[in-house]
Each structure stands twice: as structure tokens, then as C-alpha cells.
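Protein chains in written order, with this note's numbering: chain G, 34 to 241; chain A, 34 to 241. Structure first, commentary second.
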DNA sequence: CTAAGCATGTAAGGTGTTACATGATTCT
DNA sequence: AGAATCATGTAACACCTTACATGCTTAG
């Protein structure tokens, strides 16, 4: 499921310009698939090359043509096919969690900062979802409704966790710093008994 | 925050081979950053080139050397710096939500299938997180603890939503199919009054 | 004996990000 | 006057994915 296919999907809702397709990614798709102009415009161009969409240039004095894209029958078939065969994968890259995973190597101020940034981000996202719902004319379809509520549930849970556990994290880190446990093996309290070989290995085969 | 930096982070926990680094991505990082051998091995190689890690070849009869990587002082500095300056962004690409957004263009069977697959996926992920916690020796640090619980909260919310709203989605789709509203503008109940220009536009400027 | 785990890598290709480049109109 | 919106694109680069290629050991 690349940006190309997503553009096709947008166009099943009716004609649109590249700019308008971008609005979709910023509103309806905001919580599950971002895309910039740098992916959208080339995507629409290749779709046109392949005959999956048509382009109509609308002249605008002085400026380059405004291009209105419309999906063709072939395009609709291709999209339906993509929906029928794509596996519902997902890719997540959360630098936020990477950062907090290694919180012990950050200053407490920095950790607090990161938590605040993320909370603000989640609030903003929930806001985007709410504004998107309000802006809708007429009832929202069952599919879009599901994805919207899904976004609210997930981002709501994320925000709640940050707000609830964030302070606890800061306290725990402060405590860890008072009694610095060996940074390499924050395990037992007894002194290092110069154990066997290269040490550092407690990852005993954990396949029950 | 690329795979390169993440590998550096793994090595702050102690020496490891490329294979062992991969385990990290499959366990501790499972819910927030995936990576395959195809990214990890080249990443470790460039880190070694740059002097951020050292490599020690361990001979193994008949097979290519096993390579043990260790982070250097420069590597630790680089990683600490990355933690201090990186912005906590996140990228999400959920084909699952893309699919369900366009559920109206799928067969009900397919929608049901997708919902089941995703529920299974979330359960498996929660399982991975639980097993990972059990396999830990000694107490888990505050940072890893936060990310682990975050994962549980978020994936738990996602699973709950799929289980609770999935059946509702199927019913709603079935109802939509009985009384097919015009696929292009599923808005009002009154007949199309051949409104003005190109129609299809209810996206009135929604900036309050 | 077969599958899974351990262990390493390369190469081509696909995809997306970022920065650049331009310019009118409308709102504050 | 300046910011934001509307509107389009290119080009270089960064990065990751996938498939390929190999081969021993251990558990079932």
C-alpha cells in the first residue's frame, strides 16, 4: 500500500487536485498515513501514465495549470483489487519510545520535555480528529467512522498513559540516580562476584 | 533516528553480535521499531568504519567469523547526543486502517477477515510484550518499563476497539448495503437538486 | 530427517523525505 | 505589510526491504 494506491482511494470519493489529495492525508488519514507533496505529485503523475486516472488541466492566468484528477474504470478496478489482496500490515517507528527506552541516559529535564512534547502531540492529533468529524457534511460512513473512533481510542490511550505514567517515570529515574545501580546490569543487589566468562548474559533461552 | 543509532543504543547494554542485536528489535523494540538483517548488518559495518564501535572476530571452524561489537567512548557520546537532540517524532503506516477506511468497497467477508487478522496480530504483540517481561532477569529499568507498559496500553486499546466495534462495523456495512446511498455523496436524504457547479464539494472552509 | 535456531552478509530495487523553485490571492 | 492558503512540480538523497547466498548445530 503505497502513496500511489492511497491517492487512487482518495479519488474514489470524487475528482480532486493534488493539493486537495494532500488535504485528505492531513485530515481523514492524519492518524494512519502521512504523505507529502513530494510523494503525492509524482504518484498522481504515474497513475495518469498508467491510465488509472485522467487529468484535466484547468487554466489559471499567469500560473501553471491546475490539474484535476479523476479515477478511471481501470483505476477503480486496480484499487478494489488492492483492497481485496493487501495484507493489513502496519509499520511503526516511534522515536518517542526509543528515547524513553534509553531514558537512563538522558537528563531528567530532557525526559520531562519529551513527555510534554508527546502529550501535546497526542492532544493535537485528537483535536484534528474531532475537527475533522465536525467539518463533515452529513453522516460519516461506517468505514471512516471505525477508523476515526479507532484513532480516538488509541491516541486517547497513549495520552492517558503519558499523563498517568510520565510523572512516575520521572520519579523512578530520580530514584535510580540516587542509588546508581551498575549501568550495564541493573539486576541484583549483591556485589559483582566476578562471574564466569564474558558475563552480561542473562538472556537464557526463553522459549518455554 | 535510523537503525544505525538504534544499534548503538543496543550496544550501550553491552557487547553483542549482529544476530543478538536483531533479537532486541524482535523483543524489547518489537512494538516501536522493526528492523531486518538487511539494515542491521550494514549499520554495524558503518558504525565500525566510523569508530563508534569496535569489532572482534571470533573464529568458528568452517563458518565465517562471528563478530562481536562493542561500543566505544565516541559511540557513547554520539548516542547520548542523539538522545539529547532528536525530536520525538513518529511514523505510522497502518494498511489496516486504510483498508477499513474503504470498507464500503470490500466484501463483508473480507472485512471480517481483516478484522480477525488484526485482532490476532494485536494479541500476538501483547503476548510478545508479556513474554519479554517474564524473560527479564532482575527488575526492568524505569525507561524500558514505561515503553513496555505504553505498548500494553496502546495495543490493548487497539484490540479492545477492534473487538468491540468490529461487529458493529460489519452490521453498519450490511445496513448501508441494503439501502445503498449514492456512493459519491452519502449525505442528505433529499434527491439531488442538480446543485450549482461541479458539486462534490461540502468541504467548506472549516477553520472556525 | 526436518525444522528451527545460530550466524553472516550483498545487491538491486523501491519508496519516501527534504530542499529547492515559483507565484497569485486572501485574510489579519 | 506579512502570513497563510492555494497550487505545482523536480532532483538528490537517505533509507529500508527483499531476495539471494551459505552452512553448522540442536531439538523434536
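Ideal Cβ placement from N, Cα and C applies to all residues, glycine included.
First and last residue of the uninterrupted alpha helix (DSSP H) at residue i
i              : result
residue 208(G) : 175-211
residue 71(G)  : 70-82
residue 108(A) : 106-118
residue 128(A) : 128-134
residue 51(A)  : 51-59
residue 161(A) : 141-168
Local Cβ density within 10 Å of residue i, reported as buried at 16 or more and exposed below that
i              : result
residue 149(A) : exposed
residue 231(A) : At residue 231(A) the pLDDT is 44, less than 50, meaning the model places this residue with poor confidence and gives no usable figure here.
residue 96(G)  : exposed
residue 182(A) : buried
residue 107(A) : exposed
residue 91(G)  : exposed
residue 172(G) : exposed
residue 177(A) : buried
residue 55(G)  : buried
residue 20(G)  : As displayed, chain G neither begins before 34 nor continues past 241, which places residue 20(G) out of reach and without an answer.
residue 180(G) : buried
residue 134(G) : buried
residue 204(A) : exposed
residue 122(A) : exposed
residue 151(A) : buried
residue 155(G) : buried
residue 84(G)  : exposed
residue 167(G) : exposed
residue 59(A)  : exposed
residue 207(A) : exposed
residue 137(G) : buried
Any chain G beta carbon closer than 8 Å to residue i
i              : result
residue 180(A) : yes
residue 145(A) : no
residue 50(A)  : no
residue 88(A)  : no
residue 59(A)  : no
residue 122(A) : yes
residue 91(A)  : no
residue 200(A) : no
residue 106(A) : no
residue 75(A)  : no
residue 151(A) : yes
residue 162(A) : no
residue 226(A) : Per-residue confidence for residue 226(A) stands at a pLDDT of 42, beneath the threshold of 50, marking its modelled position as unreliable; the derived number appears in the next sentence. Cβ-Cβ to chain G under 8 Å: no for residue 226(A).
residue 84(A)  : no
residue 69(A)  : no
residue 209(A) : yes
residue 177(A) : yes
residue 81(A)  : no
Interface flag, residue i vs chain A, CB-CB below 8 Å
i              : result
residue 37(G)  : no
residue 139(G) : yes
residue 127(G) : yes
residue 65(G)  : yes
residue 206(G) : yes
residue 34(G)  : yes
residue 220(G) : Unreliable placement is indicated for residue 220(G), whose pLDDT of 49 sits below 50; the coordinate value is still reported in the next sentence. Taking Cβ atoms only, chain A reaches closer than 8 Å to residue 220(G), which makes this a yes.
residue 249(G) : Outside the shown range of chain G (34 to 241) lies residue 249(G), about which nothing can therefore be said.
residue 45(G)  : yes
residue 134(G) : yes
residue 183(G) : yes
residue 78(G)  : no
residue 110(G) : no
residue 192(G) : no
residue 116(G) : yes
Expected contact under 8 Å - CB spacing of residue i and residue j to nearest Å
i              : j              : result
residue 102(G) : residue 39(G)  : Contact doesn't hold; Cβ gap of about 13 Å is too wide.
residue 186(G) : residue 194(A) : 4 Å
Continuous beta strand (DSSP E) stretch holding residue i: start and end
i             : result
residue 38(A) : Residue 38(A) -> not in any beta strand (DSSP E); alpha helix (DSSP H) instead, spanning 36-44.
residue 93(G) : 86-93
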